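What follows is one structure encoded as structure tokens, with my remarks underneath.
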Ligand code: GLC
Ligand code: CA
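In the working numbering, the protein residues as written are 58 to 662.
So this is what it looks like as structure tokens:
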């Protein structure tokens, strides 16, 4: 017989929000809710499943905003350790930490002053090592963020370069250049920053006269490194080993397609051909990542390299995923697309087709610490995403956005490959768009002259329990407020509130990840499209599992099935309502039956 119908009544939650004990339930694991997991020992590096990363669910922790253990209003390692049981119950395979290193936080930690030291606001190295081991005993691997394109202007290398002056070997690790024009007061190139504005800042000589300029594709506090310099390369290889030695299962590589620059520093051509952009996607990058892959492969178990690669040309993107380079890279095309069946189908097809020749699994990413939260994005007339388009005050239907985000959660969890889940999306947090101006920190906002609302709105500290801020983000006795204020309305979105609500986003994710783990067809493997009504996306995974998403405006009939495993919203009169997804159990196809299904085979493998 089939699994019970789970759509309307998922595994019953037990926590009683009114009970003081419920507060603890937010922090401690409930063994009864455990999905089948590999024994902890199965994760020791030498015996781990070498292909774990092809299907993994990876939860992104933005450390400053996850949980505050010591009451200073800033998330930290102690806070994460306290909630590891929550992550186990959620059913994730790995956690990825955005940069946790020593940093002045000019760009939320993507300005690293010391790659081997934990920011004291978060904890210390010993505690990070403890956390990595504690997580492993719960079956959770750890991925750290490395930032190779640039460093903090407070990093000793950059300080030494400033002090040593023009022509010094210290400056060769960076891109110092004289200015153009008679007095050298014109920028060496007209390259535009990823954070809008200029990419060069002029230095001042020790005698007070204006000096050379240095390159920064992001803020002036993030000078770009010169990857043609052997020491830059050697240092980053040593950093990789440093973290692999501490048991991390992988690294996420920040701005992975930007490292190498054309040394002659030409202007950006109007229509650069493949490999012709002076600071993006240069062919020399592949050699760097082959070196990194050799290091990763020299460790027991599979240590993975995950690239943050924003490239419009998907074939160039896939080149980074050749078997001796990166394992995976974030698929941003899907999150950039609007909530539209044709668009999403095109994105899925294109993604799978591009990954197939290099035999890399695709990744599915609905959001991260840089983009507008899905609940907000999908509630807008234009639900596509682009940094350049972000505007304060765009009208948003959050109820619609929430329905669609639920449907998108099941859709992406059913697609082939690995899945990224950004903290708070499992709670359905919306983007916070009314943060007080004096609390904003994101340089993207300031460098745009305030036109871009910035990324603080998706980085607001998580609500854990209670009915008033800080919602358990900090310990009860804490006097400090969270570093960014939380909306009062988040009382309804706390972990505690959702735990006792079977229809909550949290339970949708828990049930989805539990099923994903137990369904043999989910995760890595082929996908087969099934014909359905216009505006729907239906496909099978394995022999007996079908996922159907309805992006049309009418309720639709479901394909033949024997049980509904899960649905993002209740069915109405047996029909799948608009903006929802259902996961179905289907009959084993009989030999006579197969031909009558109108299916399209995707050639993923
Ligand atoms: C990546 C990070 C982003 C950061 C930028 C510069 O895009 O995800 O948060 O600002 O790199 O390091
Ligand atoms: Ca803290």
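Note that beta-carbon positions come from the ideal geometry of N, C-alpha and C, so glycine has one too. Small disclaimer: the values here were computed from a predicted structure and weren't measured.
Does the Cβ-Cβ distance between residue i and residue j come in under 8 angstroms?
i           : j           : result
residue 552 : residue 522 : yes
residue 483 : residue 563 : yes
residue 469 : residue 110 : no
residue 278 : residue 168 : yes
residue 229 : residue 286 : yes
residue 581 : residue 474 : yes
residue 455 : residue 625 : no
residue 415 : residue 380 : yes
residue 257 : residue 270 : yes
residue 383 : residue 346 : yes
residue 189 : residue 174 : no
residue 141 : residue 183 : no
residue 143 : residue 516 : no
residue 322 : residue 259 : no
residue 513 : residue 497 : yes
residue 124 : residue 114 : no
residue 584 : residue 472 : yes
residue 599 : residue 616 : no
residue 281 : residue 272 : yes
Assign residue i to one of two classes, buried (16 or more other C-beta atoms within 10 Å of its C-beta) or exposed (fewer than that).
i           : result
residue 644 : exposed
residue 668 : Because the chain here runs from 58 to 662, residue 668 falls outside it and cannot be looked at.
residue 657 : In this prediction, residue 657 scores a pLDDT of 37, lower than 50, which makes its location untrustworthy; no coordinate-derived value is stated.
residue 448 : exposed
residue 82  : With a pLDDT of only 47 at residue 82, under the threshold of 50, the placement of this residue in the model should not be trusted, and no figure is reported.
residue 159 : buried
residue 502 : buried
residue 95  : Low per-residue confidence applies at residue 95: pLDDT is 46, beneath 50, and the placement is therefore not dependable, though the value from the model is reported in the following sentence. That one is exposed.
residue 631 : exposed
residue 261 : exposed
residue 108 : exposed
residue 412 : buried
residue 430 : buried
residue 133 : buried
residue 533 : exposed
residue 443 : exposed
residue 289 : buried
residue 225 : exposed
Got a sec, what are the start and stop residues for the alpha helix (DSSP H) residue i sits in?
i           : result
residue 549 : Counting along the chain, residue 549 falls outside any alpha helix (DSSP H), and DSSP gives it neither H nor E.
residue 566 : 562-575
residue 136 : 134-139
residue 345 : 342-354
residue 407 : 398-412
residue 2   : Residue 2 is absent from the model: the chain starts at 58 and stops at 662.
residue 184 : 182-194
residue 154 : Note, residue 154: premise wrong, no alpha helix (DSSP H); beta strand (DSSP E) at 151-154.
residue 458 : 455-471
residue 434 : 431-434
Assuming residue i contacts residue j under a Cβ cut-off of 8 angstroms, what Cβ separation, rounded to an integer in Å, is found between them?
i           : j           : result
residue 204 : residue 311 : 4 angstroms
residue 212 : residue 274 : Not a contact, Cβ separation roughly 16 angstroms.
residue 386 : residue 364 : 4 angstroms
residue 637 : residue 607 : 6 angstroms
residue 602 : residue 574 : No, residue 602 and residue 574 are not in contact; Cβ-Cβ is about 13 angstroms, not under 8 angstroms.
residue 479 : residue 117 : 5 angstroms
residue 367 : residue 389 : 6 angstroms
residue 623 : residue 569 : 6 angstroms
residue 130 : residue 538 : 5 angstroms
residue 605 : residue 579 : With 8 angstroms as the limit, residue 605 and residue 579 do not qualify as a contact, their Cβ atoms being about 15 angstroms apart.
residue 423 : residue 481 : In fact, because the Cβ distance is near 12 angstroms, the residues do not count as touching under 8 angstroms.
residue 609 : residue 593 : 6 angstroms
residue 149 : residue 308 : Actually they do not touch by this definition, with Cβ atoms about 18 angstroms apart.
If you follow the beta strand (DSSP E) that residue i is in, where does it begin and where does it stop?
i           : result
residue 638 : 637-642
residue 171 : 171-175
residue 214 : That residue, residue 214, is in no beta strand (DSSP E); its alpha helix (DSSP H) goes 213-221.
residue 621 : 620-624
residue 202 : 198-203
residue 261 : 257-261
residue 310 : 307-310
residue 371 : Run containing residue 371: none in the beta strand (DSSP E); it sits in the alpha helix (DSSP H), 371-376.
residue 391 : Premise fails: residue 391 lies in the alpha helix (DSSP H), 389-393, not in any beta strand (DSSP E).
residue 596 : 593-598
residue 503 : No beta strand (DSSP E) holds residue 503; the alpha helix (DSSP H) holding it covers 500-504.
residue 420 : 420-422
residue 605 : 602-607
- Message: Can you tell me which residues fall inside 6 angstroms of ligand 2, judged by beta-carbon distance to its nearest heavy atom, and keep chain order?
- Response: 125, 126, 127, 129, 131 and 133
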